[in-house]
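With the first letter of the sequence shown counted as 1, position 182 gets the number 1226 in my numbering; the numbers rise by one all the way through. The structure appears below as structure tokens.
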Amino acid sequence: MGIETSVANKKVKQVFELAKDKIPNSNLSPKTNTNSKGKKNRRRQHKKMVAVSPVQKLFNTCNEVFDSCSSGIIPSPDDIRKLKAVLDNFKPADVDLVPEMPHFQASVAGKTPVITYLHLHECDKFSMGIFCLPPSGIIPLHNHPGMTVFSKLLFGTMHIKSYDWVADVPASTSAVASPSKTKQPEIRLAKVKVNSKLTAPCETSILYPTDGGNMHCFTAVTACAVLDVLGPPYSDPDGRHCQYYLDFPFDNFSVDGVSIPEEEKEGYAWLEEREKPEDLTVVGEHYRGPAIVEK
């Protein structure tokens, strides 16, 4: 009995399908067509999603975030969150990087490690690039004038020390040097923002034109790769040139009218401008990861 019922049901279904095809403007036809179109749309969407690599998504997001920004102009909080979310999910494999590459190998004893820079993109709105540091590699203390900077540690362990200027203390040339310092340079008081190690995977670090640690120094504890996004990028004609600094403990100098409680002195330092360190060597290499399509 069950078999006969099943056969009958199949016949009814076949007749139903034939009849449905012959009914003009049937309410049943649109439903079938809608499902078909829906499947096609989903397939197209899936193809689009697969086609956009993480580095392309980063480029597209940077185009949106920095489109209306300029020197000293910070993206909106929503745009900051949007770009940070993209970078937080970024992995070394997204740009075809592994710690075994030559860029990350330890230097010969006694030689200063060479830093490799992989250029991804630069325009007048933003730049994208990756710093590859061997163990003990150092990017000396430097600034980012008028910039908002996103730094994502892709792998490795790195020590970061960063400062912000103390706004109500101007630069001074009247400092009294300690016995170990014989000249009287122009110095300026800065407050420590970060002084700690960072190990990947970790969240993206963000610094702003006047906050967040605009002057920072990177020291590689292990081989490291750091993806940097700068908006806007360095530009000498526009007054955004990279300036390097030496930092000195607060007690190394005495400036009239400037005092810090004893228990807080470690959180401050005097910064002195310097020329680019002679032992800093940064070499450029071609980026060989997934291509970026500049639309």
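Glycine included, every Cβ here is placed at the ideal spot set by N, Cα and C. Quick caveat: nothing in here was measured; it's all calculated off a predicted structure.
Threonine 1192 burial status per 10 Å Cβ neighbour count (16 or more: buried): buried
Where the alpha helix (DSSP H) containing aspartate 1122 begins and where it ends: 1121–1132
Separation of leucine 1233 from histidine 1330, as counted between CA atoms: 39 angstroms
Pair within 7 angstroms by beta-carbon distance, threonine 1263 and isoleucine 1182: yes
Three-state secondary structure assigned by DSSP to arginine 1318: strand
Beta strand (DSSP E) runs wholly inside the region 1219–1294, at least 3 long, in chain order: If only complete runs of 3 or more residues are kept, the region 1219–1294 shows the beta strand (DSSP E) at 1231–1243, 1249–1251, 1259–1264, 1268–1275 and 1288–1293, in order along the chain.
Helix, strand or coil at valine 1139 according to DSSP, with G and I counted as helix: helix
Selection from Asn1296, Arg1318 and Ile1304 that minimises the alpha carbon distance to cysteine 1286: Arg1318
First through last residue of the beta strand (DSSP E) which encompasses phenylalanine 1103: No beta strand (DSSP E) holds phenylalanine 1103; the alpha helix (DSSP H) holding it covers 1098–1109.
Per DSSP, the bridge partner or partners of methionine 1370: Because the chain is modelled from 1045 through 1339, residue 1370 falls outside the range shown and cannot be assessed.
Close beta carbons around threonine 1325, own chain, < 6 angstroms, minus the five adjacent residues each side: Val1158
Paired residues, beta bridge with valine 1327 - DSSP: Bridge partners of valine 1327 according to DSSP: Thr1160.
Close beta carbons around leucine 1274, own chain, < 6 angstroms, minus the five adjacent residues each side: Ser1171, Met1191 and Val1193
Close Cβ partners of lysine 1339 (< 6 angstroms) along its chain, the five nearest in sequence each way excluded: Spatial neighbours of lysine 1339 in its own chain (CB-CB distance under 6 angstroms, excluding positions within 5 residues in sequence) are not present.
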